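In this note's numbering, the protein residues as written are -8 to 106.
Following: one structure in C-alpha cells, then a few remarks.
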C-alpha cells in the first residue's frame, strides 16, 4: 500500500478544501483508511488517481493577465449608478439585463474614472 496522508495534506495535494475531502470520503468518491483512533488517512495513490498525476505538482503557477482578476472584474456592462460614502463607493452595473452591485474603494473608483 502507498503512503497514507493526513486529510489536510491530502486536500492540499488534491487542490480541494478539507471539508470537501471529508464529503468525498463520506460519499465514497475517494478511498480512505481509518486509524485505530478513528481518523481517516488517504492513500497517496488515491490523490494521484484523482489528480491524474503520478506526482502532484508542488508549486502552482501564479495567475497572470485576466486570470489574476476576480470574475466580477471581467464583466462587461453599463454603469447605472455610483454612490459615494466616505472611503467606499457602491457601483451598480447592468450586465445583459442583470444588475450587479459592487463595493469598491474611492481610490479604485477614481482610477476607473467613475463619477
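Quick reminder that beta carbons are idealized off the backbone N, C-alpha and C, glycines included.
Only a predicted model underlies this, so the values are computations on that prediction, with no experimental measurement involved.
(message) How far does the alpha helix (DSSP H) with residue 0 in it extend, from its first residue to its last?
(response) In the DSSP annotation of this structure, the continuous segment of the alpha helix (DSSP H) that includes residue 0 starts and ends at -2 to 5.
(message) Below 8 Å on the Cβ atoms is my contact criterion, and I expect residue 75 with residue 97 to pass it. Report the Cβ-Cβ distance as a whole number of Å.
(response) Between residue 97 and residue 75 the Cβ distance is about 7 Å, and since that is below 8 Å, they are a contact.
(message) DSSP three-state label for residue 69, please.
(response) When DSSP states are grouped into helix, strand and coil, residue 69 belongs to the strand group.
(request) Enumerate in chain order the residues of its own chain whose CB-to-CB distance from residue 22 is below 6 Å, with the five nearest sequence positions on each side excluded. (result) The residues are 37.
(message) In this structure, how does DSSP classify residue 11 when only helix, strand and coil are distinguished?
(response) Looking at residue 11 - three-state DSSP - the assignment turns out to be helix.
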